[in-house]
Amino acid sequence: MDAKTRIKELMKQKNITEYRLSKLSGLSQSTISNIFNRNTEPTLPTLEAICNGLDISLAQFFCDSENETAVYLTNEQKEIFDKWLLLTSQQRSLVEKIIDSYTDKN
Numbered sequence: 044m045d046a047k048t049r050i051k052e053l054m055k056q057k058n059i060t061e062y063r064l065s066k067l068s069g070l071s072q073s074t075i076s077n078i079f080n081r082n083t084e085p086t087l088p089t090l091e092a093i094c095n096g097l098d099i100s101l102a103q104f105f106c107d108s109e110n111e112t113a114v115y116l117t118n119e120q121k122e123i124f125d126k127w128l129l130l131t132s133q134q135r136s137l138v139e140k141i142i143d144s145y146t147d148k149n
């Protein structure tokens, strides 16, 4: 699937117009329009901005939805995972125990 088709697919899933995508991504409306009307391929920085506007990662953008499972994370979830990576193994173990104790009660 080409980038243009994938962007259109994601815009449809999220019910986002070209104008709204330009606002969310911080790109000009003409940049977004050129991708669709002039068949220009987005550069990597443009594609990154589009992904940010769609609230997905580049990995999720390139994920083949028929053969792979993409995990969509909210910004809050991404932040938690980023913090998790900074923890020591002992700290991770403590966090897991806290989560387990909470989930066991519910």
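Sequential numbering from 44 applies to the sequence shown in this note's numbering.
Beta carbons: idealized from backbone N, C-alpha and C, even for Gly.
Since this is a predicted model, take the numbers as computed values, not measurements.
Under 7 Å, do residue i and residue j count as touching if we go by C-beta distance?
i	j	result
A92	L116	no
L53	L97	yes
C94	F105	no
Evaluate residue i with the Cβ neighbour count: other Cβ atoms within 10 Å of its Cβ, from every protein chain shown; 16 or more gives buried, anything less gives exposed.
i	result
P88	exposed
S132	exposed
S68	buried
S73	exposed
L90	buried
I123	exposed
If we ignore side chains and look at the alpha-carbon of each, how far apart do residue i and residue j end up?
i	j	result
I142	R135	11 Å
I187	Y62	The question about residue 187 has no answer here: the residues shown for the chain are numbered 44 through 149.
A46	S65	16 Å
K57	I50	11 Å
V138	I99	26 Å
T146	K140	10 Å
S144	T48	45 Å
Over what stretch of residues does the alpha helix (DSSP H) that includes residue i continue unbroken?
i	result
I81	Checking the sequence shown, residue 81 turns out to be Arg, not Ile. Neither: R81 is in no alpha helix (DSSP H) and is coded neither H nor E.
S68	61-68
What residue ranges within the segment 94-138 form continuous alpha helix (DSSP H) runs of no fewer than 4 residues, ordered along the chain? Qualifying alpha helix (DSSP H) stretches, in chain order: 101-105, 118-129.
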